[in-house]
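In this note's numbering, the protein residues as written are 1 to 209.
By construction, the Cβ of each residue, glycine as well, lies at the ideal position given by its N, Cα and C atoms.
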Amino acid sequence: MEATSSSAPAYTFELSGGALCLDFANTCGNQARPEQEHLHAYADILAFARQAEIVDAGQARELADRAAEDPAAAAAAFGDAVEVRDAIYRIFSALAAGTSPPPADLERLNRALPDALAGLRIEPREGGFAWSRDDLADSLTAPLRPIVRSAAELLVSGRLDRVRECDGTTCTWLFLDQSRNRSRRWCSMETCGNRAKVRRHYRRRKTEG
Ligand SMILES: [Zn+2]
């Protein structure tokens, strides 16, 4: 396992989901097209964690070293992360479609909760309190913890009616619609929104011609 390999440039994850758990769910480019999978090894979990600012550069290096020292543990942590990612995807995809999430997926998320909440602390911050997560490099599963917590927090947030699946014809990405009039339709205007605009334009030209 090439946990510390730096030969190939890391994929740049698109963090447009509006919630950490949805960004992580979207690391599978398209649920119907397995060739768009962007998580292939533990190093990809670290790349996502780094880009989503779950871990800082020092913590990422520390975790990469741990993964190199114990490839079996890294493979297990990677397997866990993908399982939880897929459960999170199916839970929120079901909710976006107005249906009940599969009980097995909720169970999978629940099984990840104790580790996700382990070592959490409350600390005073400016104007109130915040979760402290300074123990992030202590275990290979550490990057998964804030993701699982994000999914749990979103599920109990009362904002589930804002979870949407992209309207793009070949896109299965999830996002939190934070627009005032709840009118967001695309995972991103630059990709799916723009493709839809081009299609409309092309159809119009065809009818005119
Ligand atoms: Zn999309």
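Those residues which DSSP pairs with residue i across a bridge
i    : result
P124 : F129
E37  : C28
V163 : L176
Buried versus exposed, by CB contacts within 10 Å (16 or more), residue i
i    : result
L117 : exposed
G98  : exposed
N194 : exposed
P102 : exposed
D56  : exposed
D65  : exposed
S150 : buried
E165 : buried
V163 : buried
A72  : exposed
G128 : exposed
Helix, strand or coil at residue i [DSSP, three-state]
i    : result
F175 : strand
C187 : coil
E2   : With a pLDDT of 45 at E2, under the threshold of 50, the predicted position of this residue should be treated as unreliable, though the coordinate-derived value follows. Here E2 sits in coil by DSSP.
D70  : coil
L114 : It is Pro, not Leu, that sits at residue 114 in the sequence shown. Here P114 sits in helix by DSSP.
Y202 : helix
Y89  : helix
I54  : coil
Close Cβ partners of residue i (< 7 Å) along its chain, the five nearest in sequence each way excluded
i    : result
R108 : E83, V84 and A87
L160 : L95
T277 : No statement about residue 277 is possible, as the shown extent of the chain runs from 1 to 209 and does not include it.
Sequence-distant residues of its chain with Cβ nearer than 6 Å to residue i (five each side left out)
i    : result
S132 : R121 and E123
D105 : A87, R90 and I91
C-alpha distance - residue i paired with residue j, whole-angstrom precision
i    : j    : result
Q31  : T172 : 6 Å
H38  : P114 : 27 Å
P146 : E53  : 11 Å
R200 : R182 : 22 Å
S6   : A47  : Confidence is the limiting factor: at S6 the pLDDT is only 48, short of 50, which leaves the residue's position unreliable, though a coordinate-based value still follows. If I take the Cα positions, the gap works out to 11 Å.
R125 : R180 : 29 Å
R90  : N110 : 14 Å
S157 : A112 : 19 Å
8 Å Cβ shell around residue i - same chain, five flanking residues per side excluded
i    : result
T12  : Q51
L176 : G17, G18, A19, L22, L154, R159, R162, V163 and R164
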